[in-house]
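Protein chains in written order, with numbering that gives the first Met the number 0: chain A, 0 to 385; chain B, 0 to 254. Here's the structure we're looking at; comments come further down.
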Amino acid sequence: MQKPNTETTPALSGAVTIEQVDAETAIVHFSGSWLLGADIKISDTLLADLAALPVSSQIQFKAIDLEGWDSRLATYILKLIDLGQKNSLQINVSELPEGVQGLLTLARAVPERAGDRRIEQQSSILASIGNVVVASIKDVKGLVQFIGEIVLAFFALLSGKARFRSVDIWLCLQEAGPSALPIVTLISLLVGLILAFVGALQLAKFGAQIYIADLVGLGALREMGALMTAVIMSGRTGAAYAAQLGTMNVNSEIDALKTMGISPIEFLVLPRMLALIVMLPLLCLYADFMGIIGGALVTISSFELSFAQYFHQIQRAIHLHDVGVGLVKSFVFAILIAIAGCMRGMQCGRSASAVGDAATSAVVNSIVYIVVADSILTLMFNYLKI
Amino acid sequence: MSTQPHITISNLTMAYGDLVIQQDLNFTVNRGDVFIIMGGSGCGKSTLLNHMIGLNRPKKGDVLYNGQSFWHASEQQRTKIMQRTGVLYQSGALFSSLTLSENIALPMAEFTSLSKSEIADLASYKLALVGLAGFEEYYPSEISGGMQKRAGLARAMALDPEILFFDEPSAGLDPVSARLLDDLILNLRDALGTTIVVVTHELASIFAIGTNSVFLDAVSKTMLATGNPNTLLAESKDATIIQFLTRGVGHAEAA
Numbered sequence: 000m001q002k003p004n005t006e007t008t009p010a011l012s013g014a015v016t017i018e019q020v021d022a023e024t025a026i027v028h029f030s031g032s033w034l035l036g037a038d039i040k041i042s043d044t045l046l047a048d049l050a051a052l053p054v055s056s057q058i059q060f061k062a063i064d065l066e067g068w069d070s071r072l073a074t075y076i077l078k079l080i081d082l083g084q085k086n087s088l089q090i091n092v093s094e095l096p097e098g099v100q101g102l103l104t105l106a107r108a109v110p111e112r113a114g115d116r117r118i119e120q121q122s123s124i125l126a127s128i129g130n131v132v133v134a135s136i137k138d139v140k141g142l143v144q145f146i147g148e149i150v151l152a153f154f155a156l157l158s159g160k161a162r163f164r165s166v167d168i169w170l171c172l173q174e175a176g177p178s179a180l181p182i183v184t185l186i187s188l189l190v191g192l193i194l195a196f197v198g199a200l201q202l203a204k205f206g207a208q209i210y211i212a213d214l215v216g217l218g219a220l221r222e223m224g225a226l227m228t229a230v231i232m233s234g235r236t237g238a239a240y241a242a243q244l245g246t247m248n249v250n251s252e253i254d255a256l257k258t259m260g261i262s263p264i265e266f267l268v269l270p271r272m273l274a275l276i277v278m279l280p281l282l283c284l285y286a287d288f289m290g291i292i293g294g295a296l297v298t299i300s301s302f303e304l305s306f307a308q309y310f311h312q313i314q315r316a317i318h319l320h321d322v323g324v325g326l327v328k329s330f331v332f333a334i335l336i337a338i339a340g341c342m343r344g345m346q347c348g349r350s351a352s353a354v355g356d357a358a359t360s361a362v363v364n365s366i367v368y369i370v371v372a373d374s375i376l377t378l379m380f381n382y383l384k385i
Numbered sequence: 000m001s002t003q004p005h006i007t008i009s010n011l012t013m014a015y016g017d018l019v020i021q022q023d024l025n026f027t028v029n030r031g032d033v034f035i036i037m038g039g040s041g042c043g044k045s046t047l048l049n050h051m052i053g054l055n056r057p058k059k060g061d062v063l064y065n066g067q068s069f070w071h072a073s074e075q076q077r078t079k080i081m082q083r084t085g086v087l088y089q090s091g092a093l094f095s096s097l098t099l100s101e102n103i104a105l106p107m108a109e110f111t112s113l114s115k116s117e118i119a120d121l122a123s124y125k126l127a128l129v130g131l132a133g134f135e136e137y138y139p140s141e142i143s144g145g146m147q148k149r150a151g152l153a154r155a156m157a158l159d160p161e162i163l164f165f166d167e168p169s170a171g172l173d174p175v176s177a178r179l180l181d182d183l184i185l186n187l188r189d190a191l192g193t194t195i196v197v198v199t200h201e202l203a204s205i206f207a208i209g210t211n212s213v214f215l216d217a218v219s220k221t222m223l224a225t226g227n228p229n230t231l232l233a234e235s236k237d238a239t240i241i242q243f244l245t246r247g248v249g250h251a252e253a254a
């Protein structure tokens, strides 16, 4: 990139040189412009010369030809003074401009308190592993504590003592349900479509296209409907919960609730959790339906089956308990998403980046929880022959 | 009225993990005091406030309200004590999803059996007290920082608490608004007999409204003195306190 006005303004430059007067006296000359944008020529031998001076030598700082200066000069001089003090040299700054002297005194006016400076410690691999383990244990403790608080809040809810605004529940229901319909429609329709297409290509080889209906029906109802809505909602609602609660934490709103004597778990977490628990199974049912429609589109358009045949086959293939399996799964997923989202929000630190981290880890955690829970549930249903 | 101190801090030690912030704090706040918690930056003033309002658990010691232990009480009792206090946070800490009127109505709706219209009237009245009449339907993000602070005060006063805590009330306010807030604090004390605890390092406020105080020191990690700030200025022999109360000028020049 070409610098503007390079021809009209001559480049600023400054220099520092050292002049040895006798064995125990030296003068350091500063000249030219010592500005942040200037080009400073530092004599190569300066530091070596200074270090080579015998103990308690006299060093005089002079700035006769100094044209301009700013913090850059002060910083450099401080560095030289530190070096000089390490070698027990006598440093005299009295011939520097008054402003520079003032800045030097100011920088030294409030001495560092012992222990204030943070030193970046290079830890060994073992120590890092230890830190990770300690952090994970703390994480698990936090999770257990949070779950405990939620259970207590639910007991309070059942006994009618929980404090929250009913209008919040309606807002959360709206946010977690109807507002998510467009994206759930799109994704589950496409997933049904993909499921049908992938399966149909294989089944068509045997002339068994009719079984696409079984594949799509069972796949959507038992697995894909619940899983896809859960993933969508963890990215949509789980992250939103973490960010909302996190921001409230940053703004001391959660402290304010606590000091008012209102439990933030009851007031903030409970409505969000209830909303998700009610809405996710409903969305799952809707997604099941859309998945079946998606499958129908592929089957009818490309594989010589009629609408009636497809639906007749679907009716034969799926049973009410298949719908039940999906609903049970999405009920569990709803709890997991709400816990991950709300916990990360409540534990959020007090900075902007902490809110971002909370939202990120809410989504990551809930997706991990969902997939693990899905595997366990699928195995369980398989053993129970449901 | 009982002569028992309203709040007693007994042998309090505060720490974050192993890092001790302040230790061996002992002082009392009397009924009707305007009690100032002062000290240099980073000495633990706000942390002390958090210990008094139940946000941080003390490492050692206790806080007593009317002689009743706060930290050794059950959760329900703590909640009950907290309901008789109000807190104004440094940022106001208004609920951003609620309007000013709803913010103030919230504690009333939760803890009283007043009707909706009564609550709305009370909320408007509290807003009028802090000079925000007509702002009922505004959201906190739509008003200025100073107004948020005053709205926060209106919310803190919602249940006519016995004790009001203020965390740096004049931080970020222009001198006139800060002065008005001081006047408001004094009015509240006089009219309602509220005990007031203020964390601040605003010298003008300290001398104008303080009737009692505690001075925390960051270096020795404990309190250096307690008493009326004016008396402290006149009688204290401690260099740190005098430096603080005279903006670093010291006694000789100040006199």
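Even glycine gets a Cβ: it sits at the ideal position worked out from N, Cα and C. On a predicted model such as this, the values are computed, not experimentally measured, just so you know.
Quick one: is residue i near chain B, going by C-beta distance under 8 Å?
i, result
"Arg116/A", "no"
"Gly340/A", "no"
Given that residue i touches chain B, what residues does it touch there, using C-beta distances under 7 Å?
i, result
"Arg162/A", "Glu109"
"Ser350/A", "Simply none; closest approach about 14 Å."
Can you find a C-beta in chain A that's less than 8 Å from the C-beta of residue i?
i, result
"Gly38/B", "no"
"Pro160/B", "no"
"Met146/B", "no"
"Gln82/B", "yes"
"Ala253/B", "In this prediction, Ala253/B has a pLDDT of 44, which is less than 50 and means its spatial position is unreliable; what the coordinates show is noted afterwards. No, Ala253/B does not count as interfacial toward chain A."
Determine the chain B residues that contact residue i at a beta-carbon separation under 8 Å, and present them in chain order.
i, result
"Ile291/A", "Neighbours of Ile291/A on chain B: none; closest Cβ ~38 Å, over 8 Å."
Exposed or buried, residue i, counting other C-beta atoms within 10 Å across all chains shown (16 or more means buried)?
i, result
"Trp169/A", "exposed"
"Tyr309/A", "buried"
"Pro139/B", "buried"
"Ala351/A", "exposed"
"Gly85/B", "buried"
"Glu117/B", "exposed"
"Gly91/B", "buried"
"Gln243/A", "buried"
"Arg162/A", "buried"
"Ile375/A", "exposed"
"Met345/A", "buried"
"Lys125/B", "buried"
"Gly247/B", "exposed"
"Gln75/B", "exposed"
"Glu141/B", "exposed"
"Glu97/A", "exposed"
"Ile397/A", "Since the first residue of chain A shown is 0 and the last is 385, residue 397/A is not available in this structure."
"Glu111/A", "exposed"
"Asn4/A", "In this predicted model, Asn4/A has a pLDDT of only 49, less than 50, meaning its place in the structure is not dependable; the value taken from the coordinates is given anyway. Under this definition Asn4/A is an exposed residue."
"Phe134/B", "buried"
Pop quiz: residue i and residue j are said to be a contact at Cβ under 8 Å. What is the actual Cβ separation, rounded to whole angstroms?
i, j, result
"Asp254/A", "Tyr88/B", "7 Å"
"Ala288/A", "Ala295/A", "With the sequence shown as reference, residue 288/A is identified as Phe, and Ala is not the correct amino acid for it. Contact doesn't hold; Cβ gap of about 11 Å is too wide."
"Asp48/A", "Gln19/A", "7 Å"
"Leu199/A", "Ile211/A", "According to the sequence shown, residue 199/A is Ala rather than Leu. About 5 Å separates the two Cβ atoms, so the contact holds."
"Ile336/A", "Glu148/A", "About 17 Å separates the two Cβ atoms, so there is no contact after all."
"Leu172/B", "Leu183/B", "Actually they are not in contact, since the Cβ atoms of Leu172/B and Leu183/B sit about 12 Å apart, beyond 8 Å."
"Asn211/B", "Val28/B", "7 Å"
List the residues of chain A that residue i touches, going by C-beta distances under 8 Å, in chain order.
i, result
"Gly53/B", "Lys257 and Thr258"
In chain A, what lies closer than 7 Å to residue i by C-beta?
i, result
"Ala122/B", "By Cβ distance, chain A contributes nothing, its closest Cβ being about 15 Å from Ala122/B, past 7 Å."
"Thr78/B", "Gly260"
What residues of chain A sit near residue i, judged by a beta carbon separation below 9 Å?
i, result
"Pro106/B", "Met259, Gly260 and Ile261"
"Ser256/B", "Residue 256/B is absent from the structure shown; chain B starts at 0 and stops at 254."
Just the chain B side, please: which residues come within less than 9 Å of residue i by C-beta, in chain order?
i, result
"Asp254/A", "Asn49, Ile52, Leu54, Val86, Tyr88 and Ala92"
Could you tell me whether the stretch 85 to 100 of chain A touches the stretch 114 to 131 of chain A, where touching means 3 or more Cβ pairs closer than 8 Å? In short, these stretches do not touch, since the Cβ pair count stays below three.
For the 8 Å Cβ check, are there 3 or more pairs between the stretch 23 to 39 of chain A and the stretch 49 to 68 of chain A? Touching, per the Cβ criterion.
Should the stretch 69 to 81 of chain B be called in touch with the stretch 32 to 41 of chain B, which here means at least 3 C-beta pairs below 8 Å? No, the stretch 69 to 81 of chain B does not touch the stretch 32 to 41 of chain B.
Any contact between the stretch 23 to 38 of chain B and the stretch 147 to 156 of chain B? By contact I mean 3 or more CB pairs, one from each, below 8 Å. With fewer than three CB-CB distances shorter than 8 Å, the stretch 23 to 38 of chain B does not count as touching the stretch 147 to 156 of chain B.
Any contact of the stretch 167 to 184 of chain A with the stretch 256 to 275 of chain A, i.e. 3+ C-beta pairs under 8 Å? Contact holds: three or more Cβ-Cβ distances are below 8 Å.
Are the stretch 227 to 242 of chain A and the stretch 322 to 342 of chain A touching by the rule of at least three beta carbon pairs closer than 8 Å? Segments in contact, yes.
Per the contact definition of three or more C-beta pairs closer than 8 Å, is the stretch 236 to 244 of chain B in contact with the stretch 55 to 63 of chain B? Per the Cβ contact rule, the stretch 55 to 63 of chain B is not in contact with the stretch 236 to 244 of chain B (fewer than 3 Cβ pairs under 8 Å).
Contact between the stretch 105 to 121 of chain B and the stretch 184 to 201 of chain B (3+ Cβ pairs under 8 Å): Segment contact: the stretch 105 to 121 of chain B against the stretch 184 to 201 of chain B, fewer than three CB-CB distances shorter than 8 Å; contact not assigned.
Are the stretch 48 to 57 of chain A and the stretch 83 to 90 of chain A touching, with three or more C-beta to C-beta distances below 8 Å? Touching, per the Cβ criterion.
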